[in-house]
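Comments concern the structure below.
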Amino acid sequence: MTSSSKNITSAKTCVLLIIFLNFCIYSSLAINYGADKASTEFIKTSCSITSFPSLCFTSLSSHTSAIQTSSRLLAQTSLSVALNHVVLTSAALLKLSKAPGIKPGEVGPMNDCLEELTDSIDELKRSMGEMSELNGSPKYELLISDIQTWVSAALTDEDTCMDGFAAKAGNTKNVVRGRILNVVHLTSNALSLINNYNSLHG
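Numbering-wise, the sequence shown is residues 320 to 521 according to the numbering used here.
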């Protein structure tokens, strides 16, 4: 075989290899796109049963790879999102409670609110721990009952925190209630998705 023939053969091999690699890449992208699209539709449909479907979808739509089309993973992820927001809100309110502009009459309700959020965080963490054990567990009924109880308690704690500012006026009340309302809605959505998963499981 001449040098020219070898070069032609080598070039053809390279072209075929590039075509094959591109095919593999595009196939992988198509599969991932299809999976993400299916997961997005699943999340949107599932969120429609919650009290705050728009917030539910926006808070979970970036977690398609973690959720896939699993009701259990959806409930677990929504619980994780709620927990993260409660932690962030608690940190923000702790900082606000030490700000120089806070009024003396707001200190008590703020401290009470922070205690309620601490309880909520603990209850949501316990729920997360139990959620990770649910799949295939022979203690499913006990675990799901505990999870529902703890998430409900967390929701009550968050509501109590917000109620402490009901009679107050001013910017602090607006900031606190705005932040708490967001976590109340996220926790409410998580509870709805947990209840929905349980109904499907049964």
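All C-beta atoms, glycine included, are put in the ideal place defined by N, C-alpha and C.
Handout entry: Opening and closing residue of the alpha helix (DSSP H) in which SER452 lies
Key = Within the sequence shown, numbered from 1, the residue matching residue 452 stands at position 133. Inspection of the sequence shows that residue 452 is occupied by Glu rather than by Ser. Looking at the DSSP string, GLU452 is not in any alpha helix (DSSP H), and its letter there is neither H nor E.
Problem - Whole-angstrom C-beta distance between GLU435 and CYS375, which should lie under 8 angstroms - result: Position 56 of the sequence shown, counted from the start, is the residue given in the question as residue 375. Position 116 of the sequence shown, counted from the start, is the residue given in the question as residue 435. That belief does not hold up - the Cβ atoms of CYS375 and GLU435 are roughly 23 angstroms apart, past 8 angstroms.
Handout entry: alpha helix (DSSP H) segment containing GLN522, residue limits
Key = This structure leaves residue 522 out entirely; the chain is present only between 320 and 521.
Exercise for the section: Can you say whether ASN454 is buried or exposed, counting buried as having 16 or more other CB atoms within 10 angstroms of its CB? Expected result: The residue you call residue 454 lines up with position 135 of the sequence shown. Answer is exposed; the Cβ neighbour count stays below 16.
Practice task
With a cut-off of 8 angstroms on the beta carbons, I'd call MET429 and SER399 a contact; round off their distance for me.
Solution key: Taking the sequence shown and counting its residues from 1, one reaches residue 429 at position 110. Taking the sequence shown and counting its residues from 1, one reaches residue 399 at position 80. Going by Cβ atoms, the distance from MET429 to SER399 rounds to 26 angstroms, so no, they are not a contact pair.
Exercise for the section: Determine, using beta-carbon pairs with one atom in the segment 421-428 and one in the segment 374-393, whether at least three such pairs fall under 8 angstroms. Expected result: no
Handout entry: Among ALA357, GLU360 and THR369, nearest to ASN511 - alpha-carbon criterion
Key = For the purposes of this step, residue 511 is identified with residue 192 of the sequence shown, where counting begins at 1. Correcting the residue type first, residue 511 is Ser in the shown sequence and not Asn. Among ALA357, GLU360 and THR369, the Cα nearest to that of SER511 is on THR369.
Exercise for the section: Tell me whether PHE371 sits in a helix, a strand or coil according to DSSP, three-state version. Expected result: Taking the first residue of the sequence shown as 1, we reach residue 371 at position 52. Residue state, collapsed to three classes: coil.
Problem - Burial state of ASN493, where buried means 16 or more other Cβ atoms lie within 10 Å - result: The sequence position of residue 493 within the sequence shown is 174, counting from 1. By the neighbour-count rule (16 or more Cβ atoms within 10 Å), ASN493 is not buried but exposed.
Handout entry: Three-state secondary structure (DSSP) of ILE350
Key = Looking up residue 350 in the sequence shown gives position 31. Model confidence at ILE350 stands at a pLDDT of 42, short of 50, so the residue's coordinates are unreliable; what they give is reported in the following sentence. It is helical.
Practice task
Measure how close the beta-carbons of SER439 and VAL405 come, nearest whole angstrom, since I'm counting them as under 8 angstroms.
Solution key: Here residue 439 corresponds to residue number 120 of the sequence shown, with the count starting at 1. Here residue 405 corresponds to residue number 86 of the sequence shown, with the count starting at 1. Confirmed, about 5 angstroms.
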